[in-house]
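Written out below as structure tokens is the structure these notes cover.
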């Protein structure tokens, strides 16, 4: 550094102060008074005008059309699958802006960010230190700037690291559920390697393959990059300081210029607009920085005044060789230079930059020149709705048709800055949890690009929730300390990614837990629970503890609370738990949430689900045995198990208004077989409901898919459809016995064949969504039609088919080597919100995430992950004791409650060459004897 006498330095600062004061008066930047509310990410205080909404939607379309679904990255330029860390930072800023400007919904945001961070977490680093300078956006491979794969890479850019660190800070502030993930990524990187003597250092590979550290950054970008580091606790004081610089007069304006030029350092000291714009919208323009920015805008106005040429210069891609140029106010001794990174001049390609014009317009909203240059580019969008062009060539007056993430990302950032009342994006100290919608003042997206994400409770009749009295249930007294048999045998620990999935799935239960009653809602938009849903919850509790997602203390507290709540549920007819309960009052409700004080029957299928979960609780955690047995011994099984068949009760109104109870056998395919296995665990003889007999099939994709069991013991009529859920739950918990395997395999095969034929991912399931009809059965076959989407009433749901997240996880757990199950998992693993759990899935027709969070989906995901680390053993484990209160009561032959006739289980766990599975422990168990194809 050249030594400057103190007197000369003092005079320069005095001159700067006087000129700066004048320029700041000339270019007044409105700075709102900071408050916690105005700092909130979702607080849109200056909603976009209809015209600005068009700008925002136009810019967002670039990222929609250049998204790489395999990695979650976006192309740096239109159609070109390459990207730097700077480009990735642009995308994160654009994604955040799009969320709060209501250009995309929370589900799409979560899906995109989860995929992005999953890929970013696993990126190969240059020398295991920091991300390479550039990656293939489609494959995440390290490449050179020509997008050629390189095993070693080409080094790292400290400025790009600073850019993405700033973007990380915005994401963790506005979406704090991602904070820990981002902290983990930053901790993995050796960020300190890019700092030396308080400055930023990049790495490059020399011709002899040696790595050389090179100081990065010149006045403008160096300070911006250093601030990104500072946000994460990395100090770079020299990078943030403005020194060394001089003032150079250009068009009558004193412009701050870095004294380290190309000749002395082999690095350009260009002065451009973008660094000041970024600093302004992200950190806020204050003090000397505000003065510098005002000067850089003023000199461009002066050029226009003297030449008539509108001027807004910064670096940009161009649509012809050499493809990237720095349009500068000053660079390497030359005014208004247009150069390459190697300082080669291309003055004929100087252009008016779209992003620079947008930036100056909104940083200086009262400046007439900023408005004038903005007007020249504000409609410079591609005719095919692919985003904004980079600019307009000064010489030819033709558009520079380069489409880039940099241009479109910065436009979105700028418009979000405007919508927040010109409030800097990184000045906020408050965080807004993004599990819902943006502020009501956010500009609404059109119906074509955002599904209505409003959650509507599916009530048949409006219920006055103000009259709900919340019941406080005290947990059962503490039980004995965990016994040795409660230790699950894990073949391996969860991977880092699997743990993230498990934690996200468990979040559903944390978010929907009623601390007074101890119950969990079946779905996040509905304050109600079925016995099936509570079985899901208990299974999820067991999985979360086994996977070490929750502590033993948490498991014990939640389990004892649930067991206490189960003892308080009113029984239908004094016999069995009803079909639904309000999770606050514990009072019976129908499926619309409407109170039914007398109850509305019971479901043998739901009873089977809770019995399976309770059995496994006392088997794997025997300290709860007495409490579990007390619950099930309060119930009467006289009418739910009749002549080896499971039956359910419904209520109906007689003509005179009386309530009538009707008992009907259960015949729903897959569900009946699953529930029967659960009853068999407790010693019940339900051989006619258990797997077996003759199944009628239909040809789907050339595969014989089961549609119903042929039976002569009942004429019960229900809506028959074939979905994956019950078969997967059966396989995870009870294993695939030969009889179930003969049904399970064609169901999976048909879905795989459809994918091969149509390229449509298929994971058929019953799912719950946030809009009518609220429940959708995406069938393999239903009502005689393949691939029908049906509501509960059997009506077709047009374009309603979903790809189920839970089904994808379960198939991959059960068939990890199968290519189709791998495709399914890849297509759904990012459909979660870290604070709310996994979404139900996505629509086949649109690819849009289906809004809805349920206990069923998140429980099956946890169980699938547990199944993986248990070496693919059935999750239901055999009991080691038969002297519990239940079996003692059974041995007394007390028929008043319909208890089993024998003190033995009706099934047993066996192993053979195909794996481990439960089978009926009876010589009379019927095998699959034949099928009949219905075309």
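Residue numbers (the numbering used here): 410 to 1344. Every residue gets a Cβ at the ideal spot worked out from N, C-alpha and C, and that includes glycine.
Span of the alpha helix (DSSP H) holding residue 1285?
-> Residue 1285 -> no alpha helix (DSSP H), and no H or E assigned at all.
Taking 8 Å as the cut-off, decide whether the C-beta atoms of residue 806 and residue 798 are in contact.
-> no
Where the alpha helix (DSSP H) containing residue 1151 begins and where it ends | 1147-1167
Ends of the alpha helix (DSSP H) at residue 460?
-> 459-474
What is the residue span of the alpha helix (DSSP H) that residue 1220 lies within?
-> 1214-1223
Counting only runs that start and end within the stretch 1058-1141, where is the beta strand (DSSP E) found for 3 or more residues in a row?
-> 1068-1074, 1103-1109, 1112-1119
Are the beta-carbon atoms belonging to residue 986 and residue 1011 less than 8 Å from one another?
-> yes
By a C-beta neighbour count over all protein chains shown, 10 Å radius and 16 as the cutoff for buried, is residue 1193 buried or exposed?
-> exposed
Beta carbon of residue 567, beta carbon of residue 629: below 8 Å?
-> no
Cβ neighbours of residue 814 in the same chain (closer than 8 Å, five flanking residues each side left out) = 471, 472, 475, 483, 484, 485, 486, 492, 496, 499, 500, 503
Residue 1330 to residue 1099, Cα distance in whole Å?
-> 12 Å
Contact check, residue 1278 vs residue 1036, beta carbons under 8 Å = no
Contact under 8 Å by Cβ, residue 609 with residue 642 | no
Can you tell me the Cα-Cα spacing of residue 1113 and residue 1148, whole angstroms?
-> 15 Å
Alpha helix (DSSP H) runs contained entirely in the stretch 983-1059, provided each spans 4 or more residues = 1013-1029, 1034-1042
According to DSSP, is residue 1323 helix, strand or coil?
-> coil
Applying the criterion that 16 or more other CB atoms from any shown protein chain within 10 Å of the CB defines a buried residue, is residue 593 buried or exposed?
-> exposed
Alpha carbon to alpha carbon, how far is residue 565 from residue 537? Give it in angstroms, no decimals.
-> 11 Å
Please report how far the alpha carbon of residue 694 lies from the alpha carbon of residue 746, in whole angstroms.
-> 26 Å
Residue 622 - partner residues in DSSP beta bridges | 612
Report yes if the CB atom of residue 766 is closer than 8 Å to the CB atom of residue 721, and no otherwise.
-> yes
Who are the Cβ neighbours of residue 933 in its own chain at under 6 Å, not counting the five residues just before and after it?
-> 921, 1262
Among 1276, 1142, 748, 1171, the one whose alpha carbon lies nearest that of residue 1318 | 1142
Looking at C-alpha atoms only, which residue of 1175, 1274, 621, 678 is the closest neighbour of residue 627?
-> 678
Excluding sequence positions up to five away, which residues of its chain have a Cβ less than 6 Å from the Cβ of residue 1208?
-> 1254
Measuring CB to CB, does residue 941 end up less than 8 Å from residue 1015?
-> yes
Cβ separation of residue 701 and residue 646, assumed to be a contact under 8 Å, to the nearest whole Å = Rounded, the Cβ-Cβ distance is 19 Å, inconsistent with contact.
For residue 873, name the three-state secondary structure that DSSP assigns.
-> In this prediction, residue 873 has a pLDDT of 45, which is less than 50 and means its spatial position is unreliable; what the coordinates show is noted afterwards. Coil at residue 873, not helix or strand.
Residue 885 versus residue 964: straight-line alpha-carbon distance, rounded = 13 Å
For residue 1242, write down the residues that DSSP places opposite it in a beta bridge.
-> 1246
Smallest Cα separation from residue 714: which of 764, 662, 1186?
-> 662
Going by the beta-carbon positions, is the gap between residue 401 and residue 924 smaller than 8 Å?
-> In the structure as shown, the chain starts at 410 and stops at 1344, and residue 401 therefore has no counterpart that could be examined.
Check residue 732 in the structure and name its three-state DSSP category.
-> coil
Where the beta strand (DSSP E) through residue 654 begins and ends | 654-659
Other residues of its chain near residue 1221: CB distance less than 6 Å, five sequence neighbours each side excluded = 1230, 1234
N-terminal and C-terminal residue of the alpha helix (DSSP H) that residue 976 is part of = 961-977
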